[in-house]
């Protein structure tokens, strides 16, 4: 439960399908860099409001250390090497579908985790596979390409069969506080802050490891 519209509607959809749903909010960044940089408190408040509205329990967990060690440090190393890594792919691999999934299963006894990703799941030849989301404009399957069949099998993607306007309409009809909440571009969601603030956090949080300035050659798909 991220405090966004997609995870909010996902929870409601699962309720309609007969699942016993509980929310789990994860914090991936410490807020010692100033309130203007992180939105975790506001997102948590929205997540709690949605859970109260839907009548479900909300749990919280802090993965800031895991995020720093397994996502952010690798992001900096790749950037310094002249490459342009995507932190969301790393976060999905190391945090959302590893640390988060393990916590949900082991500490909360969950059979599945569910996210607001616009992807679909299909079981083919005994293996769970990812399919593109129905909404081609919001498809996020490419962010999840590193997931194993086992991770996919333990995951549900309720909004994958819907288009974004439908999701917002459901949230509006339910009176959820997240109905009109802005969705961050995927790459801009580094550390759960907005795109402008994420770079400010980098320079404030770890000045010795700030992103280097370097000249790079731009190439097209034809080289």
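Residue numbers (the numbering used here): 232 to 454. Glycine is no exception: its CB is placed at the ideal position from the N, C-alpha and C atoms. Computed from a predicted model, the values in this text were never measured in an experiment.
On the DSSP letters alone, give me the boundaries of the alpha helix (DSSP H) that residue i sits inside.
| i | result |
| --- | --- |
| residue 238 | 236-247 |
| residue 300 | Per DSSP, residue 300 belongs to no alpha helix (DSSP H) and is neither H nor E. |
What number of angstroms, rounded off, separates the C-alpha of residue i from the C-alpha of residue j?
| i | j | result |
| --- | --- | --- |
| residue 413 | residue 359 | 31 angstroms |
| residue 234 | residue 395 | 16 angstroms |
| residue 300 | residue 404 | 41 angstroms |
| residue 248 | residue 273 | 29 angstroms |
| residue 271 | residue 353 | 33 angstroms |
DSSP three-state call for residue i: helix, strand or coil?
| i | result |
| --- | --- |
| residue 275 | helix |
| residue 233 | coil |
| residue 345 | strand |
| residue 314 | coil |
| residue 391 | helix |
| residue 369 | coil |
| residue 306 | helix |
| residue 256 | strand |
Since residue i and residue j should fall inside the 8 angstroms C-beta cutoff, what is the C-beta to C-beta distance between them, to a whole number of angstroms?
| i | j | result |
| --- | --- | --- |
| residue 349 | residue 370 | 6 angstroms |
| residue 407 | residue 284 | 6 angstroms |
| residue 390 | residue 357 | About 26 angstroms; that fails the 8 angstroms criterion. |
| residue 345 | residue 241 | 5 angstroms |
Given residue i, which residues of its chain have a CB within under 6 angstroms of its CB, disregarding the five upstream and five downstream residues?
| i | result |
| --- | --- |
| residue 277 | 234, 408, 409 |
| residue 282 | 254, 289 |
| residue 331 | 257 |
| residue 294 | 257, 259, 326, 330 |
With residue i as the anchor, note down where its beta strand (DSSP E) starts and where it stops.
| i | result |
| --- | --- |
| residue 354 | 350-355 |
Cutting at 8 angstroms between CB atoms, please list the residues of its own chain near residue i, excluding the five before and the five after it.
| i | result |
| --- | --- |
| residue 377 | 320, 323, 324 |
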